[in-house]
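Asks: Just passing along the structure, written as structure tokens.
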Amino acid sequence: MDNILNILFKRNFGKKDPLFYYISLFSFLLWIALSFVSIFLIGTKNLSDGFVIFSILIRIVLITIGLFFFYQIFIKENKSKKFYRLFKNFVGYAIVFTYVFYSLPRMVGDFNGNISFGFSLFSFIFVLIITLFILILYIFICTSETRTILGVYTDKEIEYEEKIKKDKKLKAKEKEKIKAERSFFENLWYEWVDIIIQAIIIALIIQQFLFQMYEIPSESMVPTFLVGDKVLVNKAIYGPHIPLTDWKFPSFVKPKVGDIVVFKNPEADDPNSEIRYKNAFTRVFHPFVYMLTLSFVDIDRKADGSPKERFIVKRLIAKEGEKICMLNDMVYKRTSEREWIPMGKIENQKEYGYVDLYYENNPKMRNQTTLKEFRDLLDDAILFFDSVDKNDLQTILKREKEAFKTEFSTNIKNELVREINSGRGKTQDVAGTLNRIIYELLQSPNSSKNSKLNDDLIRYMELYNSVVLFNSVEELNSVISKYENDDKYIDREIMTDITFSDLSSPYQQYMKRVNAIYKIYKLKIFRVIMREARAGNLRNILNSSNGLRNASFIGDLNKLLLTEVYVDGFNAYPTLNSNSNGLLNYNYFAESFSMRNFPEYPEGNDYFTKDDYFVMGDNRYNSFDVRFGYKEKLIKLDADDNGEFSKSFVARWDAKTIKTKHLLGKAELIYFPFDRFGILK
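Here this note's numbering runs 22 ahead of the position in the sequence shown, where the first position is 1.
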């Protein structure tokens, strides 16, 4: 032991700086010692995991090889240049091995969720310190001072090296000389394998900290992106993530409204989510493979082969100090200093959403989620709602309520039951056929060229008012039953007080209007049904297209149709829980209302904080973005109307924000396919 200490600490350096020697020495010793200690600081919860066992074996191998080189370089003082180059290569690769493979136990624990944040942070810092020592060693053993102190190179040889760097001919000559001195396998390693591995490491570093390529998995950003587009993302701009962790470096540039951002789907951390990594193996190696192949190889796809929505691309819509709502496809924003205003009227912002997306003008789309005919119907509904003065609604609703009570009769109940029993099949046929036509037009780009299919669509859309009338017959039958047993039912359940607050969002004010209009025209049609039933005309009207088309009340019925289709789509039997026998499963516009409308968020006096970002897809009818969750809810159109006659709809709204930690970068350009190459704006 004394001899070793004498060798290590009693060298005669002369004029040479001993600092380079001792820093190299102690960095190497500390790396070996801490690597050994780290084996006992892994924890016991995941010791049986294959990755943890592999991590321990890697440490043992590295420590063993490290001790061998330490003995040869610092104890035995091996001065072979070839051996020293081998030593330098080992140290270089040990940097990567130390950080990556020593991190495996922490990553397994984080993936399994069985280690605390404190232990995870301690493990990360400890591995970082070990990596730092081997990195310091590499830096110093590359210096001319350390090489001359160790006696591997002389001062003249160092000077000759510097001369070679400046002289291309001399450099080529020296390269040929070294190549001739090596064996075949040494040349194979240094000329090919080592260069390829270094290129891979450099590529990984670039993609981790500067730029990365991603593949677009869905149509939520059509027409900006199509499915399969390869996108170059600037990862440095918002602060890159620390490799093999869920943490990131601070961001020196704040995301701006309008930025197309790539972020990690928060659902990916949910143990029950289908987009979570299948196992620890894919968690560790998927990012490496994905980056190295420029997103062309994805080793963790869904069972059907489609990419998991692990990395999502959306448009940043709102940030700190703002709140939003959406009404009829238009985003409105408010701040503490500014009242509600359309986003498109705010300086340096615009309305980014696209709604008129059809196969005929976007032939590369994979999914058409709406039809021009349906959009035209919605436009008609909006024109109708806007034509009704909101200040008159309360007066009109009170008048219709009293008129309904005056006209109300239980004598027509048997007639209604007969109509229900005889008419359900016909209305189901109309609704089912309409939904089948819609399905065909949505699914196939070629179907839109089928003139017969388009003609059938128009015809069955017109016939849909018979479905609305029949549903109203069923509802009236239920109302009669309830009113018979409770003479206060109508007064209690049809609320007529309508208060519009200037502080309410455009969405809230508008839906109060729509809800009141719905009740007015529902009561009008109820009165018509009772009148026609007493006159014995109801069956003829329901069973004859011409009879319904020529009916005196067709105008009011069409207005009720506009209201119901605006909220429910072509949904013959709205229900919260769809089932295999219900038409809801075949209704492809059932969620159109919640796709084009969204209530105030955050609610009340709250605004987005500095760590909150709200993102949405450009393709508003085909974007499952941060507005939505997975659970269906029955929601009142007018939140203040608790009456049974209040219109309700089914939505999956479960708004959330993207946090700074989720942001991965900003999309800058499409690089593949080549015909879509271009810089994003």
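Heads up, the beta-carbon is just placed ideally off N, CA and C, and yes, glycines get one too. All of these numbers come straight from a predicted model, not from anything done at the bench.
In whole angstroms, give me the CA-to-CA distance for E625 and H308.
Replies: Locating residue 625 in the sequence shown gives position 603, counting from the first residue. Locating residue 308 in the sequence shown gives position 286, counting from the first residue. Looking at the two C-alpha atoms, the distance is approximately 39 Å.
Asks: How long is the line joining the alpha carbons of C164 and K110, rounded to whole angstroms?
Replies: Start at 1 with the first residue of the sequence shown, and residue 164 comes out as number 142. Start at 1 with the first residue of the sequence shown, and residue 110 comes out as number 88. Roughly 8 Å separates the two Cα atoms.
Asks: Hey, could you find the ends of the alpha helix (DSSP H) A302 is sitting in?
Replies: Sequence index remark: in the sequence shown, residue 302 carries index 280 (1-based). Looking at the DSSP string, the run of the alpha helix (DSSP H) that includes A302 is 302-314.
Asks: Rounded to the nearest angstrom, what separates L338 and I282 at their Cα positions?
Replies: Your numbering for residue 338 matches position 316 in the sequence shown. Your numbering for residue 282 matches position 260 in the sequence shown. So the alpha carbons of these two residues sit roughly 6 Å apart.
Asks: Quick one: measure Cβ to Cβ for F73 and V130, integer angstroms, because I've assumed they're closer than 8 Å.
Replies: As a first step, residue 73 is located in the sequence shown; it is residue number 51 there, counting from the start. As a first step, residue 130 is located in the sequence shown; it is residue number 108 there, counting from the start. 5 Å between Cβ atoms; contact.
Asks: On the three-state DSSP scale, how would you describe P596?
Replies: On the sequence shown, position 574 is the one that residue 596 refers to. Because P596 sits at a pLDDT of 46, beneath the cut-off of 50, its placement in the model cannot be relied upon, and the following sentence gives the value as read from the coordinates. Coil.
Asks: Quick check: the Cα distance between Y623 and I228, rounded to an integer number of angstroms?
Replies: Position 601 of the sequence shown, counted from the first residue, corresponds to residue 623. Position 206 of the sequence shown, counted from the first residue, corresponds to residue 228. Separation of Y623 and I228 (C-alpha to C-alpha, rounded to the nearest whole angstrom) is 38 Å.
Asks: In whole angstroms, give me the CA-to-CA distance for A258 and L463.
Replies: Here the question's residue 258 lines up with position 236 in the sequence shown. Here the question's residue 463 lines up with position 441 in the sequence shown. Each residue's Cα considered, the two are about 44 Å apart.
Asks: Rounding to the nearest angstrom, what Cα-Cα distance links P40 and I171 in this structure?
Replies: What you label residue 40 is simply residue 18 of the sequence shown in a count that begins at 1. What you label residue 171 is simply residue 149 of the sequence shown in a count that begins at 1. Approximately 8 Å between the Cα atoms of the pair.
Asks: What's the call for W214, buried or exposed, on a 16-neighbour Cβ count within 10 Å?
Replies: To locate residue 214, count along the sequence shown from 1; it is residue 192. When all chains shown are included, W214 counts as exposed.
Asks: Identify, in the order they occur along the chain, each residue of the same chain with its Cβ nearer than 7 Å to the Cβ of L400, setting aside the five sequence neighbours on each side.
Replies: Within the sequence shown, the letter at position 378 stands for residue 400. For L400, where only same-chain residues beyond five positions count, the Cβ hits under 7 Å are Y588.
Asks: Note down, in chain order, each residue of its chain lying with its Cβ closer than 6 Å to the Cβ of G173, except the 5 sequence neighbours on either side.
Replies: Locating residue 173 in the sequence shown gives position 151, where the first residue counts as 1. Within the same chain, G173 has close Cβ partners K101.
Asks: For I418, which residues of its own chain have a beta-carbon under 6 Å away from its beta-carbon, when the five flanking residues on both sides are left out?
Replies: What you label residue 418 is simply residue 396 of the sequence shown in a count that begins at 1. So the list reads I542, once near-sequence residues are dropped.
Asks: Can you tell me whether L254 is helix, strand or coil according to DSSP?
Replies: Translated into the one-based positions of the sequence shown, residue 254 becomes position 232. Reduced to three states, the DSSP call for L254 is strand.
Asks: Starting from S670, trace the alpha helix (DSSP H) in both directions and tell me its first and last residue.
Replies: Looking up residue 670 in the sequence shown gives position 648. Run containing S670: none in the alpha helix (DSSP H); it sits in the beta strand (DSSP E), 670-675.
Asks: Grab me the residues of T153's own chain with a C-beta within less than 7 Å of its C-beta, minus the 5 sequence neighbours each way, in chain order.
Replies: Mapped onto the sequence shown, residue 153 falls at position 131. If we look at T153 and ignore the five residues flanking it on each side, its Cβ neighbours are I117, T120, Y121.
Asks: Under 7 Å between the Cβ atoms of F667 and I516?
Replies: Indexing the sequence shown from 1 puts residue 667 at position 645. Indexing the sequence shown from 1 puts residue 516 at position 494. Result yes, Cβ atoms of F667 and I516 sit closer than 7 Å.
Asks: Determine, using beta carbons only, whether F548 and L583 come nearer to each other than 7 Å.
Replies: Reading the sequence shown from its first residue, position 526 is the one you call residue 548. Reading the sequence shown from its first residue, position 561 is the one you call residue 583. No, Cβ-Cβ distance for F548 and L583 is not below 7 Å.
Asks: When the Cα atoms are used, what is the spatial distance from N433 to A557?
Replies: To locate residue 433, count along the sequence shown from 1; it is residue 411. To locate residue 557, count along the sequence shown from 1; it is residue 535. Each residue's alpha carbon lies about 12 Å from the other.
Asks: Quick one: grab the DSSP three-state call for Y629.
Replies: The count along the sequence shown starts at 1 and reaches residue 629 at position 607. Three-state DSSP puts Y629 in coil, outside helix and strand.
Asks: Looking at the structure shown, is D322 part of a helix, part of a strand, or coil, going by DSSP?
Replies: As a first step, residue 322 must be located in the sequence shown, where it is residue number 300. Looking at D322 - three-state DSSP - the assignment turns out to be coil, as it is neither helix nor strand.
Asks: Identify, in the order they occur along the chain, each residue of the same chain with its Cβ nearer than 8 Å to the Cβ of K653, setting aside the five sequence neighbours on each side.
Replies: Residue 653 sits at position 631 when you count from the first residue of the sequence shown. Here the set comprises R674, D676.
Asks: Comparing C-alpha positions only, which one of Y635, D640, D663 sits nearest to K341?
Replies: To locate residue 341, count along the sequence shown from 1; it is residue 319. Looking at the Cα atoms, Y635 is the closest of the given residues.
Asks: Measuring alpha carbon to alpha carbon, tell me which of I238, A221, S358 ends up nearest L691.
Replies: Here the question's residue 691 lines up with position 669 in the sequence shown. Closest by alpha carbon: I238.
Asks: Which residue or residues does DSSP assign as beta-bridge partners of M517?
Replies: Mapped onto the sequence shown, residue 517 falls at position 495. Bridge partners of M517: none, in fact.
Asks: Answer with buried or exposed for L598, where buried requires no fewer than 16 other C-beta atoms within 10 angstroms of its C-beta.
Replies: On the sequence shown, residue 598 is found 576 positions in, with the first residue counted as 1. Annotation note: pLDDT 36 at L598 (below 50); position unreliable, coordinate value reported separately. Of the residues assessed, L598 falls on the exposed side of the cut-off, its CB having fewer than 16 other CB atoms within 10 angstroms.
Asks: Buried or exposed for Q220, please, with buried defined as at least 16 other CB atoms from any protein chain shown within 10 angstroms of its CB.
Replies: By one-based count along the sequence shown, residue 220 stands at place 198. Exposed, since its Cβ has fewer than 16 Cβ neighbours within 10 Å.
Asks: Measuring straight from C-alpha to C-alpha, what distance separates V672 and Y354?
Replies: Counted from its first residue, the sequence shown places residue 672 at position 650. Counted from its first residue, the sequence shown places residue 354 at position 332. If you draw a straight line from the Cα of V672 to the Cα of Y354, it is about 22 Å long.
Asks: Where N413 and N559 are concerned, what is the direct C-alpha to C-alpha distance, given to the nearest angstrom?
Replies: The residue given as residue 413 occupies position 391 in the sequence shown. The residue given as residue 559 occupies position 537 in the sequence shown. One C-alpha to the other measures close to 36 Å.
Asks: Would you report the Cα separation of G687 and V253, rounded to the nearest angstrom?
Replies: Along the sequence shown, one-based indexing puts residue 687 at 665. Along the sequence shown, one-based indexing puts residue 253 at 231. Whole-angstrom Cα-Cα distance: 11 Å.
Asks: Take V637 as the anchor and find which of S488, M348, R397 has the nearest alpha-carbon.
Replies: Mapped onto the sequence shown, residue 637 falls at position 615. Closest by alpha carbon: M348.
Asks: How would you write the range of the beta strand (DSSP E) that R505 sits in, first residue to last?
Replies: In the sequence shown, residue 505 corresponds to position 483, counting from 1. According to the sequence shown, residue 505 is Tyr rather than Arg. Counted as a single uninterrupted DSSP element, the stretch harbouring Y505 is not any beta strand (DSSP E) but the alpha helix (DSSP H) occupying residues 473-507.
Asks: Three or more C-beta pairs closer than 8 Å, one from the segment 375-388 and one from the segment 640-655: is that the case here?
Replies: yes
Asks: So, for D322: in the same chain, excluding its five sequence neighbours on each side, which residues have a beta-carbon less than 7 Å away from its beta-carbon?
Replies: For the purposes of this step, residue 322 is identified with residue 300 of the sequence shown, where counting begins at 1. Taken in chain order, the residues that qualify are Y299, K300, T304, H308, K330.
Asks: Span of the alpha helix (DSSP H) holding T585?
Replies: Along the sequence shown, one-based indexing puts residue 585 at 563. Judged by DSSP secondary structure, T585 falls within the alpha helix (DSSP H) whose first and last residues are 576-590.
Asks: Let me know the secondary structure DSSP gives F620 once reduced to three states.
Replies: Working through the sequence shown from its first residue, we reach residue 620 at position 598. Annotated three-state conformation of F620 is strand, per DSSP.
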